[in-house]
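Novice:
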Amino acid sequence: MKFLLVFLLLMLAIQVGGSAQGALLPDSTRHDALFSSDTVLPFTLTASFTHILKDRGDTTMAHPAQLNYQSIQGQPVTLSVKLQVRGNFRKLWNNCSFPPLYLNVPRKKASQTVFANHNKLKLVTHCEDEEYVVREYLVYRLYNLLTDYSFRARLCRVTYVDSAGTRPIETRWGVLLEDESNLVKRNGGMPNKLRQISMANMDSLHMATLAVFEYLIGNTDWSVPYRHNIRLLTAPTLRNPVPVPYDFDQAGIVEAFYAQPSEHIGIASVRERVYRGIAYPSALFHRVFDRFNQLKPQIYDLYANDPRLESAYIKRTLKYLDEFYAVINNSVKVFLGRAQRNEVPKTPKSLSAVQKKSNAKSTISKPATKNLL
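Right, dumping it as structure tokens:
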């Protein structure tokens, strides 16, 4: 009897320890064929890309397309889908010859496919140089390591076929991103649509984790008060909303040729890091730093062992990570000294206004695009 009691207490201690360690990871073990695998998903899209690529106005149309892929059983699968140009900065001709897309999948007809339970997916396309796609994909994977309150991503190899035959067939890297509705369902929460809200109103652990993460990747292109590149989720087990970041092409770790910091940030290059969160107690910062240190091997492994990345980029990125870890393991003053004022805008700008301002940035010369096929 005494042995049984000791055993039960030991098991309880293990469970409690596991819960504390995974405080940022809610239970989301529900199987999802599309995002439960990190293998590359190859598929073909056939559509009138001559017309789609010209459709870049403020309001874009949904264009019919055909999606073909091979199931894990080796069977050919065909779906009638819709493609729609999306985005802001990358939608402009001056910035990307191939804009990002929405992939609209019919739920009923896709119920027995890898796209089951998904309807509207974001497709990150190659823009000009497709290695940027892989780099941004790895940023999503990095944040997935930190918390389940994050958008999942699937790296794809997409073949684009113009139905009229006027454009050459091309195969490029792409990334499918989880829809917000699926993010909410997976975490058992609700979307939070409050407009006037500050970082102080967020769950402090998740807000601090996000802000340090954005510092790690060298990204300043986000804002909670303006809801810029941020979605908010109300979680059932948390009193305050959880911020969820997305859209990392302006991050220094991605090194996109067009990435430029805002003139208001006070840095000359996106590779320079600036902490844009608010000041938290040192104990909370150290708790967040401990999480990053715990995941350090997995974070380095994302970049060190990816054969799709150029060796020179891997070397630069590992050094970039070294610099981050040197900061968080040296002093918390960097974060306390550069913390932003925590206030809600007196006259909140709409998201579209913020995006238009971002789109107005001058572009820089594009490098020669290498053939990475």
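Residues -22 to -1, 1 to 351 in mature numbering (1 follows the signal peptide of the UniProt record, and there is no 0) are what the sequence shown lists, from first letter to last. Ideal Cβ placement from N, Cα and C applies to all residues, glycine included.
(1) Out of curiosity, what's the CA-to-CA distance linking residue 357 and VAL55?
(2) Helix or strand or just coil, what does DSSP make of ALA304?
(3) Taking the Cβ atom as the reference point for each residue, do VAL248 and ASN197 lie within a distance shorter than 9 Å?
(4) Can you grab the Cα-Cα spacing for the pair LYS98 / SER309, in whole Å?
(5) By Cβ distance, which residues of its chain are closer than 7 Å to VAL305, with the 5 residues on each side in sequence left out?
(6) Inspect the CB distances between the region 26 to 42 and the region 141 to 153 and report whether three or more fall short of 8 Å.
(7) Can you confirm whether the region 162 to 181 touches the region 226 to 242 when touching is taken to mean that 3 or more C-beta pairs between the two stretches lie within less than 8 Å?
(8) Identify the continuous alpha helix (DSSP H) that holds GLU109 and give its terminal residues.
(9) Less than 7 Å between C-beta atoms, sequence neighbours within five positions excluded: which residues of the same chain meet that for LYS327?
(10) I'd like to know if the region 187 to 194 and the region 251 to 268 are in contact, where contact means that at least 3 CB-CB pairs between them fall below 8 Å.
(11) So ALA43 and THR24 are supposed to be a Cβ contact under 8 Å. How far apart are they, rounded?
(12) Have a look at ASP33 and LEU70 and give me their C-alpha separation to the nearest angstrom.
(13) Could you tell me the distance, in whole angstroms, from the CA atom of ALA261 to the CA atom of ALA186?
(14) Does the beta-carbon distance from ARG135 to LEU280 come in below 9 Å?
(15) By the 10 Å Cβ neighbour count, where 16 or more other Cβ atoms means buried, how is GLY230 classified, buried or exposed?
(16) Tell me the residue span of the beta strand (DSSP E) that contains THR212.
(17) Using 8 Å for Cβ pairs, my map puts LEU61 next to LEU79. What's the rounded Cβ distance?
(18) With respect to the alpha helix (DSSP H) encompassing LYS311, which residues constitute its N-terminal and C-terminal limits?
(19) In the DSSP assignment, the beta strand (DSSP E) including ARG150 goes from what residue to what residue?
(20) Between GLY152 and LEU116, which are expected to be in contact by the criterion C-beta below 8 Å, what is the C-beta distance as a whole number of angstroms?
(21) Measure how close the beta-carbons of VAL59 and THR38 come, nearest whole angstrom, since I'm counting them as under 8 Å.
(22) Helix, strand or coil, according to DSSP, for MET180 in the structure here?
(23) Does the contact criterion of 3 or more C-beta pairs under 8 Å hold for the region 237 to 254 versus the region 88 to 96?
(24) Residue ranges of each alpha helix (DSSP H) run of no fewer than 4 residues wholly in the region 249 to 274, ordered along the chain?
(25) What residues match up with LYS98 in a beta bridge as DSSP calls it?
(26) Considering only C-alpha positions, which residue in the set PHE235, GLU158, ALA282 is nearest to ASN72?
Specialist: The relevant details are as follows:
(1) Limits of the chain in this structure are -22 at one end and 351 at the other, which puts residue 357 out of reach.
(2) helix
(3) yes
(4) 43 Å
(5) VAL312
(6) yes
(7) no
(8) 109 to 124
(9) Interpretation of LYS327 is limited by its pLDDT of 44, a score under 50 that renders its predicted location unreliable; no figure is taken from the coordinates.
(10) yes
(11) 6 Å
(12) 10 Å
(13) 11 Å
(14) no
(15) buried
(16) 208 to 212
(17) 5 Å
(18) 311 to 315
(19) 148 to 155
(20) Their Cβ separation, rounded to whole angstroms, is 14 Å, which puts GLY152 and LEU116 out of contact at 8 Å.
(21) Rounded, the Cβ-Cβ distance is 15 Å, inconsistent with contact.
(22) coil
(23) no
(24) 260 to 272
(25) ASN82
(26) PHE235
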